[in-house]
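Numbering (numbering that gives the first Met the number 0) for the sequence shown: 0 to 254.
Ideal placement from N, C-alpha and C gives every residue a C-beta, glycine not left out.
Please read these numbers as outputs of a predicted model, since none were measured by experiment.
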Amino acid sequence: MTKTSMQEILTEDGTLLVRIHRPDRKNALTVAMYAALTAALERATQSPAIRAVVVTGSGDSFTSGNDIADFLANPPSGEESPVFRFLAALRQFEKPLIAAVNGVAVGIGVTLLLHCDLVYACAGATLQLPFVNLGLCPEAGSSLLLPRLIGYPRAAELLMLGEPFSAEQALEWGLINGLGGDAEMTLELALAKARRLTGLPAAAVQRTKALLKRTETEAVRQTIAVESRHFIELLHSPEAVAALHAFVSRRRAIG
Ligand code: COA
Numbered sequence: 000m001t002k003t004s005m006q007e008i009l010t011e012d013g014t015l016l017v018r019i020h021r022p023d024r025k026n027a028l029t030v031a032m033y034a035a036l037t038a039a040l041e042r043a044t045q046s047p048a049i050r051a052v053v054v055t056g057s058g059d060s061f062t063s064g065n066d067i068a069d070f071l072a073n074p075p076s077g078e079e080s081p082v083f084r085f086l087a088a089l090r091q092f093e094k095p096l097i098a099a100v101n102g103v104a105v106g107i108g109v110t111l112l113l114h115c116d117l118v119y120a121c122a123g124a125t126l127q128l129p130f131v132n133l134g135l136c137p138e139a140g141s142s143l144l145l146p147r148l149i150g151y152p153r154a155a156e157l158l159m160l161g162e163p164f165s166a167e168q169a170l171e172w173g174l175i176n177g178l179g180g181d182a183e184m185t186l187e188l189a190l191a192k193a194r195r196l197t198g199l200p201a202a203a204v205q206r207t208k209a210l211l212k213r214t215e216t217e218a219v220r221q222t223i224a225v226e227s228r229h230f231i232e233l234l235h236s237p238e239a240v241a242a243l244h245a246f247v248s249r250r251r252a253i254g
């Protein structure tokens, strides 16, 4: 990671704005970027000055998910791998977490939204969970959280067919809280909600979040552990290796 692939701003009201900044690669996430995201959440946990976190992306993308070349170069191998350390930090984060989806969101770019308290997306944003297309399986607890949130038939469609869907559909299904207009307006909306949250009593907000998640906390932890084992196994399957190489060589062929 270059230092600039993750940008952080602390606003006056105590919101940490974390911007994934690798626009030339559609903000695809490398191991170093997962480590930076984990560090940001840990800092936010420890700092009393930070009362909420907003995550967004740069350019026309939220994030295109795991960097596919990095999947081949640095595949995750267990719970200490940067991606799984990030998922643990995300799942355990106790302060309000808001996403401003400023454009395309793929893979973990969608599954991380399932751990946010509020999600706003810009009109026209496209989302996709193409794990099966790459010979992989769901992660981040999505095999549990997605059907709970939008119902089994829709979750099966999104996770088993891996087809893209719009932010408008996501809103209709209850996957996100609202549409914010263009990317800038969406970020403004997310920051305004964060400002409202930081103006409320912090202990009450955090306990409310903990209570909302109480019954699923252990199930999500277990699901992520099971998913991770399958994911790591599949990552080394001939189908996944071929699909990942195909994406990378297509890029090289064009570039
Ligand atoms: N990993 C590595 N590189 C990626 C990437 C990813 N996840 N997503 C995009 N990029 C790269 C592209 O290869 C391209 O590189 P190039 O300029 O050297 O050709 C560049 O970022 C721009 O992407 P491009 O595909 O030209 O943009 P687009 O607007 O046509 O499509 C996406 C955007 C996100 C729909 C498309 O890039 C895509 O499907 N990416 C893969 C997403 C994915 O499968 N993620 C993993 C999920 S587990």
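In whole angstroms, give me the CA-to-CA distance for E183 and A224.
On the sequence shown, position 184 is the one that residue 183 refers to. On the sequence shown, position 225 is the one that residue 224 refers to. Those two C-alpha atoms are separated by around 36 Å.
Rounded separation between G161 and L111 - CA only:
Your numbering for residue 161 matches position 162 in the sequence shown. Your numbering for residue 111 matches position 112 in the sequence shown. C-alpha separation (whole angstroms): 16 Å.
Could you tell me if the beta carbon of L284 falls within a distance shorter than 8 Å of some heavy atom in the ligand COA?
A query on residue 284 cannot be resolved here, the shown segment of the chain reaching from 0 to 254 and no further.
What does DSSP give as the partner residues of N65 in its beta bridges?
Walking along the sequence shown from the start, residue 65 turns up at place 66. Residue pairing for N65: DSSP places it in a beta bridge opposite L28.
In whole angstroms, give me the CA-to-CA distance for I19 and G150.
Counted from its first residue, the sequence shown places residue 19 at position 20. Counted from its first residue, the sequence shown places residue 150 at position 151. Straight-line Cα distance between these residues: approximately 30 Å.
For M32, which option in I175, G56, L170 has the closest C-alpha, if you only look at C-alpha atoms?
By one-based count along the sequence shown, residue 32 stands at place 33. The shortest Cα separation from M32 among I175, G56, L170 belongs to G56.
Would I97 and L196 qualify as a contact pair, given that the criterion is a beta-carbon distance under 9 Å?
Against the sequence shown, residue 97 aligns to sequence position 98. Against the sequence shown, residue 196 aligns to sequence position 197. In this structure, I97 sits near L196, with a CB-CB distance shorter than 9 Å.
Have a look at L16, I8, A27, L89 and flag the residue whose alpha-carbon is nearest the alpha-carbon of T37.
Translated into the one-based positions of the sequence shown, residue 37 becomes position 38. Here the closest residue by C-alpha is L89.
With a threshold of 16 other CB atoms inside 10 Å of the CB of Q127, please say whether the residue is buried or exposed.
Reading the sequence shown from its first residue, position 128 is the one you call residue 127. Counting Cβ neighbours within 10 Å, Q127 comes out buried, since at least 16 surround it.
In this structure, does DSSP put A99 in helix, strand or coil?
What you label residue 99 is simply residue 100 of the sequence shown in a count that begins at 1. DSSP places A99 in strand when its eight states are reduced to three.
By Cβ distance, which residues of its chain are closer than 8 Å to F164, with the 5 residues on each side in sequence left out?
For the purposes of this step, residue 164 is taken as the residue at position 165 of the sequence shown. Only T125, L126, Q127, L157 meet the Cβ criterion.
Taking the Cβ atom as the reference point for each residue, do L170 and L178 lie within a distance shorter than 9 Å?
If you number the sequence shown from 1, residue 170 lands on position 171. If you number the sequence shown from 1, residue 178 lands on position 179. Yes. Within cutoff.
Grouping DSSP H, G and I as helix and E and B as strand, with all else coil, what is E264?
Within the shown structure, residues of the chain are numbered from 0 to 254, placing residue 264 beyond reach of any answer.
Alpha-carbon spacing of P237 relative to G64, whole angstroms
Looking up residue 237 in the sequence shown gives position 238. Looking up residue 64 in the sequence shown gives position 65. So the two alpha carbons sit approximately 21 Å from each other.
Under the assumption that T62 contacts L28 (Cβ atoms under 8 Å), give the Cβ distance between them as a whole number of angstroms.
Locating residue 62 in the sequence shown gives position 63, counting from the first residue. Locating residue 28 in the sequence shown gives position 29, counting from the first residue. T62 to L28, Cβ: 6 Å. Contact.
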